[in-house]
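Visitor:
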Amino acid sequence: MTPIEIGLIGLACLVFAICCHIPVGIAMAVVGAGGYLILTGNPSGMLSLMGTEIISTLSNHEFSVIMTFILMGGMAGVAKLSSDIYRLSNAWVGHWKGGLSIATILGCGGFGAISGSSIATTATMVKIAMPEMEKRKYAQELSTGTLAAGGTLGSIVPPSIIMVLYAVQVEEFIIDLFLAAVIPAILSVFLFAVSVRVYLMIYPENALQAERTSWPERMATVKDNWASVSIIVIVMGGIYSGFFTVNEGASVGLILTFFTALMRRTLNRKSLSATIRSAVGSIALLYVIMTGANVFTYFITLSNMPAAIVDWVIGLGLSPIMVIWTLVFMYIALGAVFDAIAGMLLTLPFVYPLVTGLGYDPVWWGIVNVMVIEIGMITPPVGINVFVLKGLRKDIPLTTIFKGVIPFLAANLLALTLVIFFPQLSLWLPNLLRQ
1 MTPIEIGLIG
11 LACLVFAICC
21 HIPVGIAMAV
31 VGAGGYLILT
41 GNPSGMLSLM
51 GTEIISTLSN
61 HEFSVIMTFI
71 LMGGMAGVAK
81 LSSDIYRLSN
91 AWVGHWKGGL
101 SIATILGCGG
111 FGAISGSSIA
121 TTATMVKIAM
131 PEMEKRKYAQ
141 ELSTGTLAAG
151 GTLGSIVPPS
161 IIMVLYAVQV
171 EEFIIDLFLA
181 AVIPAILSVF
191 LFAVSVRVYL
201 MIYPENALQA
211 ERTSWPERMA
221 TVKDNWASVS
231 IIVIVMGGIY
241 SGFFTVNEGA
251 SVGLILTFFT
261 ALMRRTLNRK
271 SLSATIRSAV
281 GSIALLYVIM
291 TGANVFTYFI
301 TLSNMPAAIV
311 DWVIGLGLSP
321 IMVIWTLVFM
331 YIALGAVFDA
341 IAGMLLTLPF
351 VYPLVTGLGY
361 DPVWWGIVNV
371 MVIEIGMITP
381 PVGINVFVLK
391 GLRKDIPLTT
401 IFKGVIPFLA
411 ANLLALTLVI
421 FFPQLSLWLP
431 NLLRQ
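Take 1 as the starting number for the sequence shown in UniProt numbering and just add one per residue.
Here's what the structure looks like:
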């Protein structure tokens, strides 16, 4: 068999293993190591590869930022910073028609800037915003759609864990990804808010309008809930200005959230232990996936599959933009049934050489990739965020949640289309700050 045929068989074996519910990281490591052994016939080389990849993954200092951001997100939950952001947003926009939904979207974006995780954002905001929207007689499809879609902002609002993983895997500067995400993130939040307004123009009976908050009450809300905004401004402002490195910014954010939790007396031995245990579990899972992805990538590269795929696609005569849209729909389908991080790491060995071979900017593609994964997280038949919400609110039918996310899917697709056809929406800021 040729190396390419061995690579294809390895890919088929990996898909089969994942369908059999073998953990993705382990499946990628085993298939990658087995494929390397078949291609080289060198058992000692295979063992050396496994050992080298484990050590290099564990010792890569860029991965420490993921660990720190995960701990920061956990500590932010203990400090109840998500409630701060929601109350602030509600004080300023809650009196609008659909104001609670818009406040929830802003709250999701704000908490996403602290947690870096879509699932954590959804799970946290459901507990805070859902009771308020039910109190105001919001239709379940609107409230659940807002929360499921708003949670995806945890992926596109920097600092995002999935952006860090992408940057490390393709050897791009993490700060470039964070800068490139700023305008697409603002665009996503804006279009989500517009979709709420349009929805309520069609179904005005699906939400009661709240009373306007007075200016003294708004100022009091700002005074009582300043901590969350201050942490976001200090961390992201420090990173973007160059005052902090990304690692230092994450560490500063962790320290600030830790002391905020201490001052609010929400941090005790039990909550600290639970936060650390949860973070260690998440980090260990990510390290296993990353190690497996590195071994699998080595095997795929050795089989020459990425170069063959690039040659094959170019030979089809498709325009570059058609190739991009084909990849977009592939990722939406993948994200609908697959874990976002695992799906990205599984496909990067094939997709990244293809995209860069067509002349596209890798930073731009990173943002497009994250936005597509974001769409997949609320796309039927699975949609991870939808099932997170369903797990927390078992009384709400899945069909209601999926019906509720439709306006936000349309908003997401519009934002994605704009970023694809106008790459400067993502590249302008990093290019500006490089000068």
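Where is the CB? At the ideal position from N, CA and C, for every residue including glycine.
Predicted model only: the values in this text are computed from it and were never measured.
What residue from Arg277, Ser241, Ile174 and Val386 has the CA that sits closest to Pro159's CA?
Guide: For the purposes of this step, residue 159 is taken as the residue at position 159 of the sequence shown. It is Ile174.
Visitor: Kindly indicate which residue of Ile54, Thr260 and Gly151 has the alpha-carbon position closest to the one of Met371.
Guide: Looking up residue 371 in the sequence shown gives position 371. Minimum Cα distance to Met371 is reached at Gly151.
Visitor: Can you say whether Tyr203 is buried or exposed, counting buried as having 16 or more other CB atoms within 10 angstroms of its CB?
Guide: The residue labelled residue 203 in the question sits at position 203 within the sequence shown. By the 10 Å Cβ count, Tyr203 comes out exposed.
Visitor: Could you check the C-alpha separation between Leu8 and Ala340 for me, to the nearest Å?
Guide: Here residue 8 corresponds to residue number 8 of the sequence shown, with the count starting at 1. Here residue 340 corresponds to residue number 340 of the sequence shown, with the count starting at 1. Computed Cα separation, rounded: 23 angstroms.
Visitor: Which same chain residues end up closer than 8 angstroms to Ile283 when comparing Cβ atoms and leaving out the 5 residues on each side of it in sequence?
Guide: To locate residue 283, count along the sequence shown from 1; it is residue 283. Excluding sequence neighbours, Ile283 sits near Ile66, Met67 and Ile70.
Visitor: Terminal residues of the continuous alpha helix (DSSP H) containing Arg434?
Guide: In the sequence shown, residue 434 corresponds to position 434, counting from 1. First-last of the alpha helix (DSSP H) with Arg434: Gln424 to Arg434.
Visitor: Kindly list the residues whose CB is nearer than 6 angstroms to the CB of Thr257, restricted to its own chain and excluding five residues on each side of it in sequence; keep chain order.
Guide: As a first step, residue 257 must be located in the sequence shown, where it is residue number 257. Once the five neighbours on either side are set aside, the close Cβ partners of Thr257 are Met72, Met75, Ala76 and Ala79.
Visitor: I'd like to know whether the C-beta atoms of Leu142 and Tyr199 end up nearer to each other than 8 angstroms.
Guide: In the sequence shown, residue 142 corresponds to position 142, counting from 1. In the sequence shown, residue 199 corresponds to position 199, counting from 1. Their beta carbons are under 8 angstroms apart, which means Leu142 touches Tyr199 by this criterion.
Visitor: If you draw a straight line from the alpha carbon of Thr291 to that of Cys13, how long is it in whole angstroms?
Guide: Within the sequence shown, numbered from 1, the residue matching residue 291 stands at position 291. Within the sequence shown, numbered from 1, the residue matching residue 13 stands at position 13. Cα-Cα distance, rounded: 18 angstroms.
Visitor: Could you give the C-beta distance for Tyr86 and Ile128, rounded to a whole number, given that I count them as a contact under 8 angstroms?
Guide: Within the sequence shown, numbered from 1, the residue matching residue 86 stands at position 86. Within the sequence shown, numbered from 1, the residue matching residue 128 stands at position 128. With 8 angstroms as the limit, Tyr86 and Ile128 qualify as a contact, their Cβ atoms being about 5 angstroms apart.
Visitor: Quick check: the region 352-363 against the region 304-316, are there 3 or more CB pairs under 8 angstroms?
Guide: Judged by Cβ distances under 8 angstroms, the region 352-363 makes contact with the region 304-316, as three or more pairs qualify.
Visitor: Would you mind reading off the limits of the alpha helix (DSSP H) that contains Lys390?
Guide: The count along the sequence shown starts at 1 and reaches residue 390 at position 390. Taken as a continuous stretch (DSSP letters only), the alpha helix (DSSP H) holding Lys390 covers Ile384 to Leu392.
Visitor: What are the boundary residues of the alpha helix (DSSP H) that Leu267 is part of?
Guide: If you number the sequence shown from 1, residue 267 lands on position 267. Where Leu267 is concerned, there is no enclosing alpha helix (DSSP H), given that its DSSP letter is neither H nor E.
Visitor: Restricting to runs no shorter than 3 residues, where is the beta strand (DSSP E) found entirely within the region 238-324?
Guide: The region 238-324 contains no whole beta strand (DSSP E) run of 3 or more residues.
Visitor: Cα-Cα, which of Asn431, Gly145, Thr347 and Ser273 is closest to Gln169?
Guide: Position 169 of the sequence shown, counted from the start, is the residue given in the question as residue 169. It is Thr347.
Visitor: Give me, in chain order, the residues of the same chain whose beta-carbon lies closer than 7 angstroms to that of Val121; leave out the 5 immediate sequence neighbours on both sides.
Guide: The count along the sequence shown starts at 1 and reaches residue 121 at position 121. Inspection of the sequence shows that residue 121 is occupied by Thr rather than by Val. For Thr121, where only same-chain residues beyond five positions count, the Cβ hits under 7 angstroms are Cys108, Phe111, Gly112, Ser115, Gly151, Leu153 and Gly154.
Visitor: For residue 441, which of helix, strand or coil comes out of DSSP?
Guide: Nothing in the structure corresponds to residue 441, since the chain is present only between 1 and 435.
Visitor: Starting from the C-beta of Ile38, find all residues in its chain whose C-beta is less than 7 angstroms away, skip the five residues before and the five after it, and write them out in chain order.
Guide: The count along the sequence shown starts at 1 and reaches residue 38 at position 38. So the list reads Ile6, once near-sequence residues are dropped.
Visitor: Taking Cβ positions, are Thr144 and Met125 nearer each other than 8 angstroms?
Guide: In the sequence shown, residue 144 corresponds to position 144, counting from 1. In the sequence shown, residue 125 corresponds to position 125, counting from 1. Taking 8 angstroms as the Cβ cut-off, Thr144 and Met125 do not qualify as a contacting pair.
Visitor: Counting beta carbon pairs with one atom in the region 177-191 and one in the region 49-59, are three or more of them shorter than 8 angstroms?
Guide: Touching, no.
Visitor: Report the rounded CA-to-CA distance for Ile119 versus Val31, giving the unit in angstroms.
Guide: Within the sequence shown, residue 119 is the residue found at index 119, counting from 1. Within the sequence shown, residue 31 is the residue found at index 31, counting from 1. Roughly 28 angstroms between the two C-alpha positions.
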